[in-house]
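The letter at position 227 of the sequence shown is residue 228 when you use this note's numbering, and the numbering goes up by one with no holes.
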Amino acid sequence: MEHTCITFGKDTFHPVYDQVVQIVTLFYRNYHPVPVRIDRWTNPPELKFYSDESQVEPSSAILYLQEPLNPGRITRLCVDLIALQVRDMVWDISFPASPDVCAAARDIVEHVRSALLRKKEEINRRVGEDVLQFLRDKQERELHCKDFYQRLFDCNLIDGDDLQYWIDDTTCPVCFSLQITCTSCRLVSCENRACKGAEIIPVYRCTEHADQTYCLDCLARGDIKPKLGQCPRCKLWFCSEEIYWCHGRPLPESPPTTHLREHGLQPIECQRCRLSDNSPMRCDNITCWSTLIPGCDRICPRCCPSRGRRCVCGNFWVCDACKEDATMNAFMLCPHCHRMFCQYACRGEIRRCMDCKKSRLCHDCLEEILLDAFDQRSCLEARDIQPSNRCFNCAGDICAPCSSVQKIFCGDCGQRLCRRCASRQTCQNCGVSKCVLCHHWEKRQPLCEDCEDIVYEEAYWEELA
2 MEHTCITFGK DTFHPVYDQV VQIVTLFYRN YHPVPVRIDR WTNPPELKFY SDESQVEPSS
62 AILYLQEPLN PGRITRLCVD LIALQVRDMV WDISFPASPD VCAAARDIVE HVRSALLRKK
122 EEINRRVGED VLQFLRDKQE RELHCKDFYQ RLFDCNLIDG DDLQYWIDDT TCPVCFSLQI
182 TCTSCRLVSC ENRACKGAEI IPVYRCTEHA DQTYCLDCLA RGDIKPKLGQ CPRCKLWFCS
242 EEIYWCHGRP LPESPPTTHL REHGLQPIEC QRCRLSDNSP MRCDNITCWS TLIPGCDRIC
302 PRCCPSRGRR CVCGNFWVCD ACKEDATMNA FMLCPHCHRM FCQYACRGEI RRCMDCKKSR
362 LCHDCLEEIL LDAFDQRSCL EARDIQPSNR CFNCAGDICA PCSSVQKIFC GDCGQRLCRR
422 CASRQTCQNC GVSKCVLCHH WEKRQPLCED CEDIVYEEAY WEELA
């Protein structure tokens, strides 16, 4: 027995909304001195009817009218729309419905009957479509099984009697193992990899997802990666999302997005084998060739024979092609100990010049050189690399050679600036650099002090003239 409930709130578009309002109005006209509008009810009316799936006629249809302004769900009336009886739940009495209520009740029951009929027709239509789809799938399965038997017969693996009289759609006729079906093209083969029938028609299955099975033709139909891939270490098949792939390093003197590579897209290892020490890694340089190619998850040892370089904190790694890249600003290399530091976890261990982008000494090397007072060469190296000035805007370091070659100061207050900050805020007239404080003042005074003096002087002489 199926139960259906319809709640009438402010849904004025419901087909039987007017009939429900009519029943409520008629009841309160006869039994309540002050009629109450239905759209002001705290608890709206509810229509509940029970029906059998095999029948169109509802077994019962009851309209529950609750107390209008009572915050609790207290039912006042139960109107049996089929028996045409009204029961007052407060006074516990039953009485027949009035003729006006009976007319509205018949309209509601007719709507319920029509709704059940439409629902039954929809169920029958869906069942019919499912049956037709099942028959089509069964017919297609039989055709693929016949094709599988025909290939086995062509390879002299079965007799002609098996092909003509006995075709089983569940087991292999060679080794009697279960059959396997391609998820995409529905090709049938043997599940046993040691069977000769599986060698003729290879169909591979994902180790983690048993419903993902593909033949050789369907494996290569993926958008970027194949549907499945075989791990070179454990020799198991997995979905492409569970395997790390390498697209191949570009050939020397080739752009990163070129198609000329050392090897094509190939699997490296699965996620099960990821815990090994020699596992491939992903380069953290945002301009690396591996990040510009879709489908390249990791870099294989063939494309990175020197195993790249890792920062001191161990959280970031770069490949062989990126460890000597001068444009890579995410890492800093100490010129003394040649250790690599990242710009994130290791940022407090080393600084770099904001103008020439050369890294200064790390804290360990700086302490070692300063303690070694007899090493004159190291002292000169430390003097040249260590910052002699600091940018007023970004607080970045500026090394001694850059400070001696080109000195940039704010045109108003004379604060020291680096090249990057000097090019951001300039005077609109003469182009002199400005610091961040003078730039905010520039919103009201767009010129520097020298240009303002010139403008005021010209205006003064124009007034005198």
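Every residue gets a Cβ at the ideal spot worked out from N, C-alpha and C, and that includes glycine.
Three-way DSSP call (helix, strand, coil) for Leu418 in this model: Leu418: strand per DSSP, three-state reduction.
Under DSSP, the beta strand (DSSP E) around Ile181 begins and ends at which residues? Segment 180-182, the beta strand (DSSP E) holding Ile181.
Taking buried to mean at least 16 other C-beta atoms within 10 Å of its own C-beta, is Glu254 buried or exposed? Burial call: exposed.
Closest residue to Asp285 among His260, Leu237, Met341, Phe317 (Cα-Cα distance): Of His260, Leu237, Met341, Phe317, the residue nearest in Cα terms is Phe317.
Delimiting residues of the alpha helix (DSSP H) encompassing Cys146: Where Cys146 is concerned, the enclosing alpha helix (DSSP H) starts and stops at 100-155.
Determine, using beta carbons only, whether Arg299 and Arg283 come nearer to each other than 8 Å. The answer is yes: Cβ separation under 8 Å.
Give me the Cα-Cα distance between Asp93 and Thr76, rounded to the nearest whole angstrom. The alpha-carbon atoms of Asp93 and Thr76 are separated by roughly 11 Å.
Would you give the residue range spanned by the beta strand (DSSP E) that Asp89 belongs to? Its beta strand (DSSP E) spans residues 86-89.
Are Val80 and Ala104 touching if we call contact CB-CB under 8 Å? At the C-beta level, Val80 and Ala104 stay beyond 8 Å of one another.
What separation, rounded to the nearest whole angstrom, lies between the Cα atoms of Leu118 and Val57? The alpha-carbon separation between Leu118 and Val57 amounts to approximately 6 Å.
Residues near Arg114 by beta carbon distance below 8 Å, same chain, minus five either side: Counting only Cβ-Cβ distances below 8 Å, and skipping sequence neighbours, we find Val57, Glu58, Pro59.
Assuming the contact rule is C-beta atoms closer than 8 Å, Glu350 and Val313 should be a hit. Round their C-beta distance to whole Å, please. In this structure Glu350 touches Val313 by the C-beta definition: roughly 7 Å separates them, less than 8 Å.
Measuring alpha carbon to alpha carbon, tell me which residue in His364, Cys354, Cys363, Tyr205 is nearest Asn390. Residue Cys354 is the option with its Cα nearest to Asn390.
Go to Trp270, then tell me how far its beta strand (DSSP E) extends in each direction, as first and last residue. In the sequence under discussion, the amino acid at residue 270 is Glu, which differs from the Trp named in the question. Annotation for Glu270: the continuous beta strand (DSSP E) segment containing it runs 267-271.
Along the beta strand (DSSP E) that carries Ile399, what are the first and last residues, could you check? Following the DSSP letters along the chain, one finds Ile399 inside the beta strand (DSSP E) bounded by residues 398-400.
Should Asp212 go down as buried or exposed, given a rule of 16 or more other Cβ atoms within 10 Å for buried? Result: exposed.
What residue from Pro233, Leu64, Gln416, Tyr51 has the CA that sits closest to Val25's CA? Of the candidates Pro233, Leu64, Gln416, Tyr51, Leu64 places its Cα closest to the Cα of Val25.
On the DSSP bridge assignment, give the partners of Lys197 in chain order. Within the DSSP bridge table, the entry for Lys197 names no partner.
Can you list, in chain order, the residues of its chain whose CB lies under 6 Å from that of Leu381, leaving out five sequence neighbours each side? Since pLDDT at Leu381 reaches only 49, below the 50 mark, its modelled position is unreliable, and the value read off the structure follows with that caveat. Excluding positions up to five away in sequence, the list is empty.
Just to check my reading of the structure: Trp246 and Leu266 have Cβ atoms closer than 8 Å, yes? What is that Cβ distance to the nearest angstrom? Confirmed, about 6 Å.
Going by other Cβ atoms of all chains shown within 10 Å of its Cβ, with 16 needed for buried, is Ala195 buried or exposed? Classification of Ala195: exposed, given that the 10 Å Cβ count is below 16.
Does the Cβ-Cβ distance between Arg420 and Phe410 come in under 8 Å? Not closer than 8 Å, so no.
Coil, strand or helix - Glu58 by DSSP: In this structure, Glu58 counts as coil in the three-state DSSP scheme.
Per-residue DSSP class, three states only, for Thr288: Coil, per DSSP.
Judging by CA-CA distance, which residue of Phe177, Gly230, Gln23, Asp398 is the nearest neighbour of Ile109? Of the candidates Phe177, Gly230, Gln23, Asp398, the one whose C-alpha sits nearest the C-alpha of Ile109 is Gln23.
Determine the DSSP secondary structure at Cys176, reduced to helix, strand or coil. Three-state DSSP puts Cys176 in coil, outside helix and strand.
When you compare only the Cα positions, how much space is there between Pro16 and Phe28? Each residue's alpha carbon lies about 21 Å from the other.
Quick one: residues in its chain with C-beta nearer than 7 Å to the C-beta of Arg273, no 5 flanking neighbours on either side, listed in chain order? So the qualifying residues of the chain are Cys235.
Any contact of the region 185-194 with the region 141-148, i.e. 3+ C-beta pairs under 8 Å? Contact holds: three or more Cβ-Cβ distances are below 8 Å.
Alpha-carbon spacing of Cys304 relative to Asp218, whole angstroms: The alpha-carbon atoms of Cys304 and Asp218 are separated by roughly 28 Å.
Assigned secondary structure, Ile370 (DSSP; H/G/I helix, E/B strand, else coil): Shown here, Ile370 sits in a helix according to DSSP, grouped into three states.
Of the residues Glu243, Pro256, Cys216, Leu136, the one placed nearest Ile269, counting alpha carbons only: Checked all of Glu243, Pro256, Cys216, Leu136; the closest Cα to Ile269 is Glu243.
Round the Cβ separation of Phe239 and Cys207 to the nearest angstrom and send it over; I've been treating them as touching at under 8 Å. With 8 Å as the limit, Phe239 and Cys207 qualify as a contact, their Cβ atoms being about 6 Å apart.
Alpha helix (DSSP H) segment containing Cys274, residue limits: Following the DSSP letters along the chain, one finds Cys274 in no alpha helix (DSSP H), marked with neither H nor E.
Report the three-state DSSP secondary structure of Leu220 (helix, strand or coil). Helix.
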